[in-house]
Amino acid sequence: MTEWNIQSRSHACQACEQPFTNKQPYHTLLAFNHHEVARQDVCEACWKAQFSEGAKDRKGFISHWVGEYQAPPAAAPEAIQKENAESVLRKLMEKNDPQYRAAAYILAVMLERKKILKVKAQLRENGVRVFVYEQPKTGDVFTIPDPELQLNQLEAVQRQVAALMEHGLETPAEPAPYIAPPEQPPLAALAGAVEEPAQ
1282 MTEWNIQSRS HACQACEQPF TNKQPYHTLL AFNHHEVARQ DVCEACWKAQ
1332 FSEGAKDRKG FISHWVGEYQ APPAAAPEAI QKENAESVLR KLMEKNDPQY
1382 RAAAYILAVM LERKKILKVK AQLRENGVRV FVYEQPKTGD VFTIPDPELQ
1432 LNQLEAVQRQ VAALMEHGLE TPAEPAPYIA PPEQPPLAAL AGAVEEPAQ
């Protein structure tokens, strides 16, 4: 199964190696490569010359989109601040601990509702639905498996998310218990039932 994964946007074309300039359009391609989702960012010229013809017919193709490169801002001094949903999600993705799988999914749904993340693709691997999200400002791509939560699991996951938002990963969060699914509720019911804790 696809592991949790964050892939950052490249700062240069991965075909011609020319650095991207601020606000330059670029093309992102996602494809399966050795059972992993691989990302490739290319400039407009390389897209037209090497990739546009038959891109969707290439082996392992998942998705393609056009973005606008944002030059990274100058590094600001780090301030101590309360965790936000995106920073917690990034830490969970780095940790890749199965006990946080449902929490990562709920955080991604919250961020999607707030238009901080956008769904770029959905795929199935070994019977598991995987969402591919992009953070448009940074260009980072997140691959997050659907834990197929049931409504009777939601309260425990909400407590886990609230604890992670309040304390981060330093304090162990209460793991969401596994409950055998009686039937699958629609995703909209789950998304509507989750609210981000007040900051």
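The opening position of the sequence shown corresponds to residue 1282 in this note's numbering, with each subsequent residue numbered one higher.
All C-beta atoms in this analysis are idealised placements derived from N, C-alpha and C, irrespective of residue type, glycine included.
With a cutoff of 8 Å on beta-carbon distance, residue 1396 and residue 1414 are scored as not near each other. Assignment of residue 1417 by DSSP, reduced to helix, strand and coil, places it in the coil class. Listed as beta-bridge partners of residue 1307 by DSSP are 1324, 1348.
If only uninterrupted beta strand (DSSP E) runs of at least 3 residues are considered, those enclosed by the stretch 1373-1425 are 1399-1406, 1409-1416. In the three-state reduction of the DSSP assignment, residue 1429 falls in the coil class, being assigned neither a helical nor a strand state. Counting only residues of its own chain and dropping the five nearest sequence neighbours on each side, residue 1403 has a CB closer than 8 Å to the CB of 1410, 1411, 1412, 1413.
According to the DSSP assignment, residue 1288 belongs to the beta strand (DSSP E) that extends over 1286-1288. A residue is called buried when at least 16 other Cβ atoms come within 10 angstroms of its Cβ; residue 1335 does not meet this threshold and is exposed. In the three-state reduction of the DSSP assignment, residue 1296 falls in the coil class.
A distance of 8 Å or more separates the beta carbons of residue 1366 and residue 1438. Between the stretch 1308-1315 and the stretch 1334-1352 there are three or more C-beta pairs closer than 8 Å, enough to call the two in contact.
Residue 1314 is bridged by DSSP to 1317.
A contact between stretches requires three or more CB pairs, one per stretch, nearer than 8 Å, and the stretch 1434-1448 fails this requirement with the stretch 1325-1333.
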